[in-house]
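Top line first, the protein sequences correspond to chains Y and B. So the number in our numbering is just where the residue sits in the first sequence, counting from 1, plus 29. So the number in our numbering is just where the residue sits in the second sequence, counting from 1, plus 29. Quick reminder that beta carbons are idealized off the backbone N, C-alpha and C, glycines included. Structure first, then comments.
Number of protein chains: 2
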Amino acid sequence: MKETTLHVIGMTCNHCKASVESALNELDGVTTATVSLPDNSVTVVHEDVTQERLVEAIEEIGYDVAPA
Amino acid sequence: MKETTLHVIGMTCNHCKASVESALNELDGVTTATVSLPDNSVTVVHEDVTQERLVEAIEEIGYDVAPA
Chain Y
30 MKETTLHVIG MTCNHCKASV ESALNELDGV TTATVSLPDN SVTVVHEDVT QERLVEAIEE
90 IGYDVAPA
Chain B
30 MKETTLHVIG MTCNHCKASV ESALNELDGV TTATVSLPDN SVTVVHEDVT QERLVEAIEE
90 IGYDVAPA
C-alpha cells in the first residue's frame, strides 16, 4: 500500500471535495482518497496506480494539480 | 409571472450553482432559477411563491440569503 498526496487547485466547497474523492475512488487500485479543503490537497491510499493516472482522474473532472 | 433576485452567501463553484438552481426549480410555481456566481445571486422567475419559501429552499441545502 502506498500513499500519495497531491496539491489540487480549484476545490472550493464540499461538493468539490466529494467530486475529487469520488473520481479517485473509482480508479482500480485506489483504496481511499481523502480531500483536505484547508490544505487544497488530496491524500490517496492505493496499490499500483501511477501518479499520472491519479492526476489524470482529477484533471478529467475539471481541477488542476500543482507540480510537486 | 414575477421575478425575484436574492443575494446568496456561500456559493463558490458550479456545483453550488447547480444545487441552488435545482433546489429552486423543484418548488411548485418556479419556472426558472438562474445563479450568477460572480454576483452571488440567484434570479427566480415564478408564479405565486412567497419570497420566504424561496429563501427556505436555499437555506435547506446549506446556503444563506442576505437580507435585502
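Of the candidates Y:Val59, Y:Asp77, Y:Ser65, Y:Glu55, Y:Ser65 places its Cα closest to the Cα of Gly39 (chain Y).
Annotation: Glu89 (chain B) to Val49 (chain B) spans about 10 Å, alpha carbon to alpha carbon.
Comparing alpha-carbon positions, the option among Y:Gly58, Y:Cys45, Y:Ile87, Y:Asp68 lying closest to Val74 (chain Y) turns out to be Y:Gly58. Within the segment 64-96 of chain Y, contact with chain B at the beta-carbon level (separation under 9 Å) is assigned to Gly91. The C-alpha of Thr41 (chain B) is placed about 26 Å away from the C-alpha of Val78 (chain B). Looking at the backbone, the Cα of Val71 (chain Y) and that of Glu55 (chain Y) are separated by about 15 Å.
Neighbours of Thr41 (chain B) in chain Y, taken as residues whose beta carbon is under 9 Å from its own, are Thr41, Cys42, His44, Cys45 in chain order. Rounded to the nearest whole angstrom, the CA to CA distance from Thr60 (chain Y) to Asn69 (chain Y) is 20 Å.
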